[in-house]
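> Below is the structure I would like to discuss, written out as structure tokens.
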Amino acid sequence: MLLNDNTEPLGRRLVDIGYYFNEIKKIKHEAFDCTFSNLKFEQEIRHGFHSTFIFKCEVCGLKEKIFTENPQNSKNLDVNIAYTTGVINTGQGFTQLQEISSVLNMPCMANTLYQKCHNKISDSMYEVALEEMKAAGVEEANYALEKGEGDELGRPCITVVADGSWSKRSYRTNYNALSGVATIIALKSGKSICSHTCYKNWSSTSTSMESDIIVEGFKKSITMHNLIYAKLIGDGDSSVTKKLHIAKPYGPNFKVVKIECTNHIMKNYINRLREMTTKRKSSEGNIVPGSLRQILKDRLRKLRCGVTMAIQYRMNQNYAHNEKVNLLKKDIMNGQYHVFGLHTNCTLHLLAHHSSSLIYGVNNNCVKGYNSLVAKFVGGKRINFSLRGSYQTRCSAAVISQNAGPLLIRNLHKKITNYSPGKFTKSFIDKKLRTINLRRKATVKRLFKSRSKVTKFSGPDKDYGDIDTELECDQLNLGPQEFENKKIEFLEKLKKTKDQILQIAKATI
21 MLLNDNTEPL GRRLVDIGYY FNEIKKIKHE AFDCTFSNLK FEQEIRHGFH
71 STFIFKCEVC GLKEKIFTEN PQNSKNLDVN IAYTTGVINT GQGFTQLQEI
121 SSVLNMPCMA NTLYQKCHNK ISDSMYEVAL EEMKAAGVEE ANYALEKGEG
171 DELGRPCITV VADGSWSKRS YRTNYNALSG VATIIALKSG KSICSHTCYK
221 NWSSTSTSME SDIIVEGFKK SITMHNLIYA KLIGDGDSSV TKKLHIAKPY
271 GPNFKVVKIE CTNHIMKNYI NRLREMTTKR KSSEGNIVPG SLRQILKDRL
321 RKLRCGVTMA IQYRMNQNYA HNEKVNLLKK DIMNGQYHVF GLHTNCTLHL
371 LAHHSSSLIY GVNNNCVKGY NSLVAKFVGG KRINFSLRGS YQTRCSAAVI
421 SQNAGPLLIR NLHKKITNYS PGKFTKSFID KKLRTINLRR KATVKRLFKS
471 RSKVTKFSGP DKDYGDIDTE LECDQLNLGP QEFENKKIEF LEKLKKTKDQ
521 ILQIAKATI
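Quick note: the sequence shown uses the working numbering, first residue 21, plus one each step.
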């Protein structure tokens, strides 16, 4: 609580304008017919961004209090809670809040009040995130039951995507983050059904957070959703698979099937081929000509495209799963013959080894999307939010944003106040939803757009190759014989020997 005894208030304030005007109109002292024009400012009492202005009547001496917002109104978020929520949703903290306030020439709340508001929001944010995850679990269970995918006890079996993220960037050298989060997302709905954050009481290494959190999520799948995560789509992290096989979350006779992310497999495949193009010698020590390495480099996209098309072709065939896997493996092994004739490459054998995962044609893009939301809420991992539970709050906000999108603000508002948000909040949410829908329609239209293009030819405009007499660019006046000599001279320059033609062909492959 801060007092301001200046002769007049300074700077800007956040005001509920409708309430403030009504309070001013209500002021009337019957004895002397005093109004607001007879009042003199005496004092301001500030509680964060909420202010109470005290005025004294110069005629009758009565004092009046005017609040910047209605303290009895429970339908709207308190201004301090609302401002703190906005700071969290934009990936900022108290330091950024202070800077914004200073630019606006507006007094800022104290750090202690900010922490109180943050703690209140944290509890509500976690509850909303938990409700969203439970609702997503019910939705995914209904999908599985409709398809008849369940175990002998009638529990739905689903496919999930899992991945982890840390509170700071490692740059592949510094793996010592104080906090980490891992989420499990249902493949069908693309919504988070389990998320856990490690930020305290963690005695093991930072790198083990991801695998331990995912294993814990598998163990809680039955108690939380009555679901069995039968298949796991991951990015090739062998530690997760190893710990799941040791933990056996669904009993000794049930083995979770690991499916490798297609994008990661193809990325590693192309990276290894690209690495080969930079080596002047083969594994046997033989010198590889630069022209051959350039041919390989120019056909990297064709190699990837061939595998991708083979995956799509085999997925759509009406064969048994194992047979489709074997056929895809043969397709991959034949890929080099299509591109290089009889030339073989050992990297293709490594790719064919993953044909059992490639046949599904799935990736972990949805969980990478969640990780990007976490990065947004933690300021791009440039600010340390690992203290006082702030990282957990922001990970909960990412869960709500993943499952509900722009409705995050509405759901949190209803959780705290039991009322829907105001006009401008609803308008912002509607605008965001329209933008998302338009973007989705544009994406679908772009994917299914006809590849045939109508080529339009048009002549040059007035500025293309225009003759400028001032720069002495007039047309040359050549006689018939002189023109013929120039033509013969030009054609002689174009004549090349067979060796020169072959050299040009090799250089321009």
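From the three backbone atoms N, C-alpha and C, an ideal C-beta is built for every residue, glycine too.
On the CB-based measure, 16 or more other CB atoms within 10 Å of its CB, does A527 come out buried or exposed?
exposed
> May I ask you to report which of helix, strand or coil DSSP gives R66?
strand
> Kindly give me the distance between the Cβ atoms of L427 and I449, rounded to whole angstroms, as I take these residues to be in contact under 8 Å.
7 Å
> Determine the extent of the beta strand (DSSP E) in which S185 is found, giving its start and end residues.
Note, S185: beta strand (DSSP E), C177 to W186.
> Three-state secondary structure (DSSP) at S190?
coil
> From R324 to L348, what distance separates their C-alpha atoms?
Looking at the backbone, the Cα of R324 and that of L348 are separated by about 14 Å.
> Between the C-alpha atoms of C366 and K317, what's the straight-line distance to the nearest angstrom?
Confidence in C366 is poor, its pLDDT being 36 and thus under 50, which makes the residue's placement too unreliable to answer from.
> Going by alpha carbons, who is nearest to K188 out of P500, E504, L407 and D519?
When only C-alpha atoms are compared, the closest one is L407.
> Under DSSP, the beta strand (DSSP E) around A395 begins and ends at which residues?
First-last for A395: N385 to F397, but that is the alpha helix (DSSP H), not the beta strand (DSSP E).
> Among residues of its own chain, excluding the 5 on either side of T261, which ones have a beta-carbon nearer than 7 Å to its beta-carbon?
K278
> List the whole-angstrom C-beta distance separating T217 from V387, where the pair is believed to meet the contact cut-off of C-beta under 8 Å.
15 Å between Cβ atoms; not a contact.
> Quick one: what does DSSP say T367 is sitting in, helix, strand or coil?
The pLDDT assigned to T367 is 41, lower than 50, so where the model puts this residue is not dependable, and the model offers no usable value.
> Write down every uninterrupted run of the alpha helix (DSSP H) in the segment 288-331 whose length is 4 residues or greater and which is fully enclosed by it, in chain order.
With a minimum length of 4 residues, the unbroken runs of alpha helix (DSSP H) contained wholly in the segment 288-331 fall at 310-318.
> Would you identify the three-state DSSP class for K95, choosing helix, strand or coil?
DSSP, read as helix, strand or coil, puts K95 in coil.
> What did DSSP end up calling V382 once you bin it into helix, strand or coil?
coil
> Which residues does DSSP list as the beta-bridge partners of H265?
Its beta-bridge partners do not exist; DSSP assigns none.
> Please list, in chain order, all residues of the same chain as I205 whose beta carbon is under 6 Å from its beta carbon, the five residues on each side excluded.
V181, S212, C386 and V387
> At a cut of 8 Å, does the segment 264-274 reach the segment 299-319 through at least three beta carbon pairs?
no
> Measure the C-alpha to C-alpha separation of A462 and S392 and round it to an integer number of angstroms.
22 Å
> Evaluate Y333 with the Cβ neighbour count: other Cβ atoms within 10 Å of its Cβ, from every protein chain shown; 16 or more gives buried, anything less gives exposed.
exposed
> Mapping the DSSP letters down to three states, classify I521 as helix, strand or coil.
Three-state result, I521: helix.
> Could you work out which residue in S421, K465 and V345 is closest to N109 when comparing CA atoms only?
Residue S421 holds the alpha-carbon nearest to the alpha-carbon of N109 among S421, K465 and V345.
> May I ask you to list the residues that DSSP assigns as paired with I86?
F73
> Relative to the C-alpha of L378, which candidate in K344, I315, D171 and L293 has its C-alpha closest?
K344
> Is DSSP giving V79 helix, strand or coil here?
Secondary structure at V79: coil, using DSSP grouped into helix, strand and coil.
> Tell me, which residues are paired with E169 by DSSP?
The partner list for E169 (beta bridge, DSSP) is empty, contrary to what the question assumes.
> Give me, in chain order, the residues of the same chain whose beta-carbon lies closer than 8 Å to that of V144; leave out the 5 immediate sequence neighbours on both sides.
Correcting the residue identity first, residue 144 is Ser in this sequence and not Val. Only L432, K435 and I436 meet the Cβ criterion.
> CB E160 to CB I141, shorter than 9 Å?
Contact annotation: E160 and I141 have beta-carbon atoms that are not nearer than 9 Å.
> Starting from T203, trace the beta strand (DSSP E) both ways and give me its first and last residue.
G200 to A206
> For N383, does the count of other Cβ atoms within 10 angstroms reach 16, so buried, or fall short, so exposed?
buried
> Give the range of the beta strand (DSSP E) segment to which I279 is assigned.
Run containing I279: V277 to E280, per the beta strand (DSSP E) assignment.
> How is Y39 classed by DSSP in three states: helix, strand or coil?
helix
> Between which two residues does the beta strand (DSSP E) containing A250 stretch?
I248 to G254
> If contacts are defined as beta-carbon pairs under 8 Å, then G174 and M129 qualify, I think. What distance do you get, rounded to the angstrom?
With 8 Å as the limit, G174 and M129 do not qualify as a contact, their Cβ atoms being about 53 Å apart.
> Mark Q337 as exposed unless 16 or more other C-beta atoms lie within 10 angstroms of its C-beta, in which case mark it buried.
Its Cβ having fewer than 16 others within 10 Å, Q337 is exposed.
> Between H216 and chain B, is any beta-carbon pair separated by less than 9 Å?
The chain inventory of the structure shown lacks chain B, comprising one protein chain alone.
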